[in-house]
Each structure stands twice: as structure tokens, then as C-alpha cells.
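Asker: First the structure, which I've put down as C-alpha cells, then a few questions once you've had a look.
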Amino acid sequence: MEKTIDEINEKIRQGDVVVVTAEEIIEIAKEKGPKKAAQEVDVVTTGTFGPMCSSGAFLNIGHSKPRIKLGGGTTYLNGVPAYTGLAAVDLYIGANALPDDDPRNRVYPGEFNYGGGHVIEELVAKRDIRLAATAYGTDCYPRRTLETRINIRDLNETVLFNIRNAYQNYNVAVNLSDRTLYTYMGVLRPNAGNATYSSAGGLSPLLNDPYYKTIGIGTRIFLGGGVGYVSWHGTQHNPGVPRGDNGVPRRPGGTLAVVGDLKQMQPEWLRGISMLGYGCTIAVGIGVPIPILSEEILNYTRVTDADILAPVVDFSEAYPQRKSEIVGEVSYAQLKAGTIQLQGKEVPTASLSSYPGALRIATILKEWIQRGKFLLTKPVAPLPGVESDITFKPLKERPIE
Amino acid sequence: MNVSKRIVLHFPRRLVDRPIIYRLVRDYNLEFNILKASVTPEEEGLMVLELSGEQGEYDNGIKYLTENGVRIQSLSQNVIRNEERCTHCGACITICPTAAFEVEPLTRRVTFYNERCLACGMCIKACPPRAMEVHF
Chain S
444 MEKTIDEINE KIRQGDVVVV TAEEIIEIAK EKGPKKAAQE VDVVTTGTFG PMCSSGAFLN
504 IGHSKPRIKL GGGTTYLNGV PAYTGLAAVD LYIGANALPD DDPRNRVYPG EFNYGGGHVI
564 EELVAKRDIR LAATAYGTDC YPRRTLETRI NIRDLNETVL FNIRNAYQNY NVAVNLSDRT
624 LYTYMGVLRP NAGNATYSSA GGLSPLLNDP YYKTIGIGTR IFLGGGVGYV SWHGTQHNPG
684 VPRGDNGVPR RPGGTLAVVG DLKQMQPEWL RGISMLGYGC TIAVGIGVPI PILSEEILNY
744 TRVTDADILA PVVDFSEAYP QRKSEIVGEV SYAQLKAGTI QLQGKEVPTA SLSSYPGALR
804 IATILKEWIQ RGKFLLTKPV APLPGVESDI TFKPLKERPI E
Chain V
19 MNVSKRIVLH FPRRLVDRPI IYRLVRDYNL EFNILKASVT PEEEGLMVLE LSGEQGEYDN
79 GIKYLTENGV RIQSLSQNVI RNEERCTHCG ACITICPTAA FEVEPLTRRV TFYNERCLAC
139 GMCIKACPPR AMEVHF
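Top line first, the protein sequences correspond to chains S and V. To get my numbering, take the position in the first sequence, counting from 1, and add 443. To get my numbering, take the position in the second sequence, counting from 1, and add 18.
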């Protein structure tokens, strides 16, 4: 028996919808069998909370008197440069932006204590932000400098727009060299002294809908503690990677571009973070509801950590030199057990994304749906799937004559 | 009865050039293991010690230190996790040389066992949300 999203939404309005998390569905389907579980359960909620670098926010700060054209000028928020290639008072602040005077890796490894991700966290926390701008001045926008405090409460549109989030699976990082490496996958000890990973595994949104049968453009989601939407497939979306029999990608696969109103969001789920020797970024909380429209959809949500394999990549050579070789493949069940076997050696593991955070998000989203405050949406267009001709192309360098 | 404790000693300027630790060994029969020390002549000294010995002698040694103006803190008071900033990601797990962080298998929350902490500071900058703080 198949269901429609309209039917599920009607149940949400009536208050008799059955919602469980992607963790809970595993036992439920085992107990009841997939057929009965697919009839009884209407929605499975997923979650993830980890560093997502391609994130940032558009801000419209309102017009000063006299007017200033920030476009083509410079603007700093708490000392962090914002992008000003837009109209007079629209800005974009990216999570990886750094103050001009940050020493970066000149003192190695750089600490990267404050950047764009931290500005976004402080904005969302409704703290005042220092804005300092210069402009060239025009007849219609005569002002050339602006220094003021701003607060999210007083701004016009504040839109989180992340061009790549919620990676469907990801690399496990190790370091086969004999010196410590400071990477976006954390501090990697020499001689495969540790292995780091970054995925919620069996709870992660796109791993519960491996072929993007329910998640598409227009899907309403939990984003940073508020309500957001899937706006496009994310950059580097790569549906054509090798998959297991369960359809789950064995390499970094699909990604999502997401959008939402920053004013509804919470600093708890948009956390500015610092990767030693690498840079600043932001941990983003995302939760996606999966409508159980059929037994097939239900079966996808039954995926467990043991069913998801991730490639182990050497960050001393293969990653920086863009070589495709991998050291091995491990499951998230192995990673979460605390050690993996690698080249005959026991290697301790550490996670960079927060599983307790992911579970909390899936639970919050479940409660929103149960309380009738969050209705599901039917995608207006699907994400490119395995049948699409999308590939993840490397840069082909051509000399400039 | 023997005791062994990790303590932080703050030496005022006037004591920096006196053989304080030597007296602990000679007069109170205590064993020590220096975990961290920073002594700046003409300024102030800070030393993190693991100090062990017979309870009575240990107490007398501590009394000797305090009577001479050394301020003593228990090490566990110095390394603090900011619970609001910690996201329980677990990046610290393989950074800490003394396994002071553990993932609880069921909840996957990270517990900080500060009695195992040596205050080496490795976790401070390796923690992405910068939730670990050292206060000496």
C-alpha cells in the first residue's frame, strides 16, 4: 500500500501521524517486518551536525543616510571581510572568511580563532556585530565610509545560503607520513596514529534516501534550528560514485544546497569552529524528514552503520596530490567501535561531526512533525540521480598565453 | 597510607630562587614528577606536579609549601570543558595523550575525565568549537 505526501500531511494536521527517527526505525522494521512498518510509520527523521565549509549568509543591512554603495567597496563584520560584489547594501559572509590580519599559517599551525562562521554564530545569537565599510562614492550613493554596530533584529533579509552541505558519505582521513598533519579532517597523527571521519552514518539524511527518491528541490528541512529548504543539488554532487547492493554510495556522493531564514535559527546549531592549521568554518545542523511512501522507501531508511562503507584516504599524499588511490574501506560500525584495522595495525578513530547533535536534530524534527508545526513538502524537481550525466570534474589547467 | 595527587603550585617572586622541591624530597620523603613548569626569574613560578608519599608526610609537605607562600590548587580545577560550546563531536578522542576523553558507547556523548588530565594543552587548540579551557 502506497501513501502520498498529502495523506501524510493530513495525518500531521489531525495529530495522528507516526514519526520515528532513522535510529528507531531499524528496530521497528525488524520487529514488525518491513511491510507492516511501512504501513504504520509515516515519516522517518534524519539528522547531521558537522563542519560544512561551503556555508554562508546573505544580509541586507538597510540603507544609511546619506546612502552608501557597499558594492565594489569593502566591508568587514567584526573584522572579517564580507563579499561586496552585489548591490548597495547586500552582503555575503562566508564561513571560511578570515580577518586580513589573521596570521593564518605563518605561525604553523595557525590557530584560526575567529572567522566568518563565528560571525554567523554571533549574528544568530543576536549579538551586536561591528560593521566597517569603505566605498568609492557616487552621485546617488555619496557616502564613502560607514562604521556602525548592527544586530540581526534590525536587518532586512538575513538568509543562510549554503551551496554544499549534508554530504552523502565522506572520506576517512589518515596520515601515512612521519609528521603530524593539520587538516580540515582535524589533527592527523603520524604513521596512521589516528583516523578521523565526518558523517552521522546511519542517521545521515542522504544515506537514508540513497537514490534521492524523496529528497529534492523544495524539500522542507530543519536548518540551523529553524526551517529551511533544499534549494538545489550541492556543488560537487556526484551521484555516479560506486554504490553497495543497498544503493548506498561507497564514496562521497550526493550533496545539498540549502537555504533558510537566519532569524529563525539558533547558535546551538550554527557553531563557528576552528580547524587548527587549516582555517575557520561552521558546524551546521540539518535534519531532513523522509516520507515513508512505500516499502521501498522504508527499506532505504533501515540502513545501519554496518551497511555504510567509507574510503580511507591518506592525507599526506593521496589527498593533497589528488590521487584517487585509497588505503582501504571501513564501515561506520567499525569507525564508531573506536578502532579500525589498517595495514595490519589497530588505528584509533575520532569523529568530527557530532552524533549526539545529529540525534538531537532528528528528535527535534520528529517532535515538530508530531506537534503539527512542520508539514512535509513534495519536491518541485528531483536532484540529479545516477542516471544523470553529472560527474565531479577535476580542474583542467591550461596555460595562459 | 600512601597518597598521590596532581597539584598546581604558584610560587611568588621571592621563592623562585629557593630549592622548594628539594626540601619536599629531603625533609618530607615525597616523590615528585614534574608535568609542567614555567619559572620566570624575577616574576613568578608555576609548576604542575604529581606528588606522592605517606599521608602524614604529604600533609606536612603541603603545610610547608603553604606556610612559605606557595599557592596550591588541585589540577582538576584547572582544565575545564565549556559545556555550552562542546558539541560532543569527539575530535579530542585521539588527540589526548592520556585518554582523558571517552565516547560513551550508547549515547556517543564525550565524557571528560579530568582526573586523567595532565594539562598538556593538546586539546585546547585541536577542539574545533574551542570548548576546552586551561586556567592556571
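Beta carbons are placed, not taken as given, at the ideal position from N, Cα and C, and that holds for glycine. Predicted model only: the values in this text are computed from it and were never measured.
By the 10 Å Cβ neighbour count, where 16 or more other Cβ atoms means buried, how is LEU808 (chain S) classified, buried or exposed?
Answerer: buried
Asker: Of the residues that make up the segment 88-111 of chain V, which ones have a beta carbon closer than 7 Å to any beta carbon in chain S?
Answerer: THR105, HIS106, CYS107, GLY108, ALA109, ILE111
Asker: Note down, in chain order, each residue of its chain lying with its Cβ closer than 7 Å to the Cβ of ILE606 (chain S), except the 5 sequence neighbours on either side.
Answerer: SER497, GLY677, THR678, ALA700
Asker: Of the residues V:THR58, V:HIS28, V:GLY79, V:CYS145, which one's Cα is nearest the Cα of VAL88 (chain V)?
Answerer: V:HIS28
Asker: Which value, in whole angstroms, describes the spacing of the CA atoms of ILE717 (chain S) and GLU85 (chain V)?
Answerer: A small correction: the amino acid at residue 717 (chain S) is Ser; Ile does not occupy that position in the sequence shown. If I take the Cα positions, the gap works out to 44 Å.
Asker: What do you reckon, are the CB atoms on VAL702 (chain S) and LEU603 (chain S) nearer than 9 Å?
Answerer: yes
Asker: Mind checking who LEU624 (chain S) pairs with in its DSSP beta bridge?
Answerer: Under DSSP, LEU624 (chain S) forms a beta bridge with S:LEU631.
Asker: Using beta carbons (cut-off 9 Å, strictly below), is ILE843 (chain S) in contact with chain V?
Answerer: For ILE843 (chain S), no Cβ of chain V is located within less than 9 Å of the residue's own Cβ.
Asker: According to DSSP, is SER127 (chain V) part of a helix, a strand, or is it coil?
Answerer: Contrary to the premise, residue 127 (chain V) reads as Arg rather than Ser in this sequence. Of the three classes helix, strand and coil, the one that applies to ARG127 (chain V) here is coil, per DSSP.
Asker: Please list the partners that PRO147 (chain V) has in chain S, where partner means a Cβ-to-Cβ separation under 9 Å.
Answerer: ARG714, GLY715, ILE716, SER717, ALA726
Asker: Answer yes or no: does any C-beta atom of chain S fall closer than 9 Å to that of ALA118 (chain V)?
Answerer: No, because no Cβ of chain S sits closer than 9 Å to the Cβ of ALA118 (chain V).
Asker: Pick out whichever of S:THR488, S:ILE455, S:GLY580, S:ARG549 has its Cα sitting closest to the Cα of PRO509 (chain S).
Answerer: For PRO509 (chain S), the nearest C-alpha among the options comes from S:GLY580.
Asker: Would you say SER497 (chain S) lies against chain V (beta-carbon separation less than 9 Å)?
Answerer: Interface annotation, SER497 (chain S): not in contact with chain V, CB-CB separation never under 9 Å.
Asker: Please identify the residue among S:THR806, S:ALA780, S:PRO827 whose C-alpha is closest to the C-alpha of PRO123 (chain V).
Answerer: The shortest C-alpha separation from PRO123 (chain V) is found at S:ALA780.
Asker: Mind pulling the alpha helix (DSSP H) runs of 4 or more residues that sit fully within the segment 487-574 of chain S?
Answerer: 559-567
Asker: State yes or no: is the beta carbon of VAL630 (chain S) nearer than 9 Å to at least one beta carbon in chain V?
Answerer: Chain V contact via Cβ: present.
Asker: Enumerate in chain order the residues of its own chain whose CB-to-CB distance from THR657 (chain S) is below 8 Å, with the five nearest sequence positions on each side excluded.
Answerer: So the list reads ILE733, PRO734, LEU736, ILE740, PRO822, once near-sequence residues are dropped.
Asker: Just the Cα atoms here: how many angstroms apart are SER642 (chain S) and VAL691 (chain S)?
Answerer: 13 Å
Asker: Out of S:ASN503, S:GLY661, S:GLN813, S:TYR613, which one is the CA nearest neighbour of ALA638 (chain S)?
Answerer: S:TYR613
Asker: Buried or exposed: where does ASP533 (chain S) fall if 16 or more other Cβ atoms within 10 Å of its Cβ makes it buried?
Answerer: buried
Asker: By the 9 Å beta-carbon criterion, what residues does the segment 477-497 of chain S contribute toward chain V?
Answerer: PHE492, GLY493, PRO494
Asker: Just how far apart, CA to CA, sit LEU838 (chain S) and LEU529 (chain S)?
Answerer: 27 Å
Asker: Among the residues of its own chain, which have a CB less than 8 Å from the CB of GLY828 (chain S), if the five just before and after it don't count?
Answerer: TYR654, TYR655, PRO682
Asker: Could you say if the segment 813-820 of chain S and the segment 451-459 of chain S meet the contact criterion of at least three C-beta pairs nearer than 8 Å?
Answerer: yes
Asker: Closest to PRO754 (chain S) by CA distance: which of S:LYS766, S:LEU574, S:GLY560, S:VAL770 is it?
Answerer: S:VAL770
Asker: List the residues of chain S whose Cβ lies closer than 7 Å to the Cβ of LYS143 (chain V), in chain order.
Answerer: Within chain S, GLU554, LEU719 have C-beta atoms less than 7 Å from the C-beta of LYS143 (chain V), given in sequence order.
Asker: Anything in the segment 783-800 of chain S with a Cβ closer than 8 Å to a Cβ of chain V? List those residues in chain order, please.
Answerer: If the cut-off is 8 Å between Cβ atoms, the segment 783-800 of chain S has PRO791, THR792, ALA793, SER794, LEU795, SER796, SER797, TYR798, PRO799, GLY800 near chain V.
Asker: For LEU136 (chain V), which three-state DSSP category applies?
Answerer: coil
Asker: Can you pull the DSSP bridge partners for TYR584 (chain S)?
Answerer: None; TYR584 (chain S) has no bridge partner.
Asker: Interface residues of chain S around ARG127 (chain V) at Cβ under 8 Å?
Answerer: PRO799
Asker: So for THR657 (chain S), helix, strand or coil by DSSP?
Answerer: coil
Asker: Quick check on CYS141 (chain V): does DSSP put it in helix, strand or coil?
Answerer: helix
Asker: Ends of the beta strand (DSSP E) at PHE704 (chain S)?
Answerer: The amino acid occupying residue 704 (chain S) in the given sequence is Asp; Phe does not appear at that position. ASP704 (chain S) -> beta strand (DSSP E) spans 699-704.
Asker: Checking the sheet assignment: what are the DSSP bridge partners for SER767 (chain S)?
Answerer: None; SER767 (chain S) has no bridge partner.
Asker: How far does the beta strand (DSSP E) with ASP757 (chain S) in it reach, from first residue to last?
Answerer: 752-757
Asker: VAL26 (chain V) CB to nearest chain S CB: under 9 Å?
Answerer: Not closer than 9 Å to any Cβ of chain S, the Cβ of VAL26 (chain V) fails to qualify, so no.
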